[in-house]
Structures are given as structure tokens and as C-alpha cells.
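Under the working numbering, think of the first position of the sequence shown as 388, with each following residue one higher. Quick reminder that beta carbons are idealized off the backbone N, C-alpha and C, glycines included. Fair warning: this is a prediction, and the values are worked out from it, not measured in the lab. Data block below; observations after.
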Amino acid sequence: MASKDLYIIPECYVDTNMVETLLNSFGSITAGVNHQKGCNNVTKILREKFKGQFGIGIVDNDKVKTGIIIDFKKIWESKHIAVLKHPDENHYVFAIKPAMDMFILDSAAEQGVNLNEIGFPDNLKKFTDITKRITSKDDAKIKNLIKAIRNNAEIKAFANALVYLKTNQGSSDENIVKDFFLSVAVD
């Protein structure tokens, strides 16, 4: 049985569902990740509990305060994802722009997934009413939506980067992480 990946730290419930679903869909089985509520908690856990160790944070960019990730340098940015790396620690942060909810909606539109047909509203406000619930972390319907949009270029790049980082924790290379995103249009 797979163990929980405590060094992978998403901040929102839907972010947690996305990361776990992608890792499991792209062949890097996980029993779960280290969900934390809020960007501040994600970066605090990275700074304090994972100092000198490998760690990955996933945060929504709409709530990120510049001071929280000021020490990180941007290594890549696409329409929905900024990939950041700490210069002195083996820490990565994926800042989802503006937030995971919009990223999912945009990816569904790009992939031609009709949200209404699979039981989701197609407007952001009503969609976030669902994704902000605690239950969205393990919601099977959201997992199925994520699987339906996993061929989106940004989602594939994100998933491949996560799998690579998980597999190569101690020897990860930021240039390889960046390479996963090279085929994704820069916004």
C-alpha cells in the first residue's frame, strides 16, 4: 500500500484532490498528501518542518502574499501555473493562477468537457461553492472531472512535474521541471 506523501503540501481541498488524482492517474501512487489550510501554513510547513529536506507546496496565487514566497525564484510561468524554486532549499511551489477552480474550468472548456452534462455548474461562483467545501477533497465526482481534463497541456505538465519531483526528491533538477512546461503556452 502507498504511503502518505507528507512533503507534498496543497493548501485547498480541491488542490488536494487535484494533486492526489493526478499522481494516481500518472502512475505515482499516493495514499494522500499533507493538506494544509492556507498559503501561510503551506510555506510555514516548508520553512519549519521541511527545512533541509525536500518539499513541494501547491497554493492558489490569488491568496499569495508576496512576502510568503519572496525567497523563491520563478523558473517558469504559464497561463495558470507559476513554478517557483527556493534557491537554498530543495523546495518547489506551484502557484496556481488565479486559483485551482478557474484552472479547472478553463481546462474543461479547452478539453470540450461539458460541465453541465457531468453535474457541475459552468460558472465560477457556483463551481467554487462546490470546490470550497471540505468534502471536495475526496469528492469522486471531482476526481472524475480531473481525469476528464488531464490531457490539458498545463495539467499534463503539472502532473509530470509532480511525478518527477516525487520520484527524484533528493536529486531533482529545476531545469527538468521547467522542461515539462516548455510545450505549454506562456501567458
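message = Which residues does DSSP list as the beta-bridge partners of Asp392?
response = Val420
request  = For the beta strand (DSSP E) containing Val480, list its first residue and its last residue.
outcome  = Run containing Val480: 478-483, per the beta strand (DSSP E) assignment.
message = Let me make sure I understand the geometry here. Which of Gly425, Gly414, Ser390 has the alpha-carbon closest to that of Ile396?
response = Across the set Gly425, Gly414, Ser390, the C-alpha of Gly425 shows the shortest separation from the C-alpha of Ile396.
inquiry  = If contacts are defined as beta-carbon pairs under 8 Å, then Gln498 and Ala535 qualify, I think. What distance do you get, rounded to the angstrom?
reply    = So it is a contact: roughly 7 Å between Cβ atoms.
query = Are Lys565 and Ile456 touching if we call contact CB-CB under 8 Å?
reply = No; because the gap between Cβ atoms is not below 8 Å, this pair is not in contact.
Inter-residue CB distance, His478 and Leu433 (contact presumed, cutoff 8 Å) = 5 Å
request  = Compare the C-alpha of Lys354 against each of Val446, Phe413, Pro474 and name the closest.
outcome  = This structure gives no information on residue 354, because the portion of the chain shown stretches from 388 to 574.
query = Quick one: what's Asp402 bridged to in DSSP?
reply = DSSP output for Asp402 lists no bridge partner at all.
query = When DSSP builds the beta bridges, which residues end up paired with Ala469?
reply = Glu464, Ala482
inquiry  = Please identify the residue among Val470, Ile521, Ala540, Thr430 whose C-alpha is closest to the C-alpha of Asn404.
reply    = Ile521
message = Could you pull the DSSP bridge partners for Pro397 from this structure?
response = Ile445
ask   = With a Cβ-Cβ cutoff of 8 Å, do Lys436 and Ala418 count as a contact?
value = no
key: Leu511 versus Lys519, Phe441, Glu561, residue with shortest Cα-Cα distance   = Lys519
inquiry  = Are the CB atoms of Phe568 and Val480 within a distance shorter than 8 Å?
reply    = no
Of the listed residues Asp447, Ile505, Glu407, nearest to Asp488 (C-alpha basis) = Asp447
request  = Would you tell me roughly how many angstroms separate the C-alpha atoms of Leu410 and Val550, rounded to the nearest one?
outcome  = 6 Å
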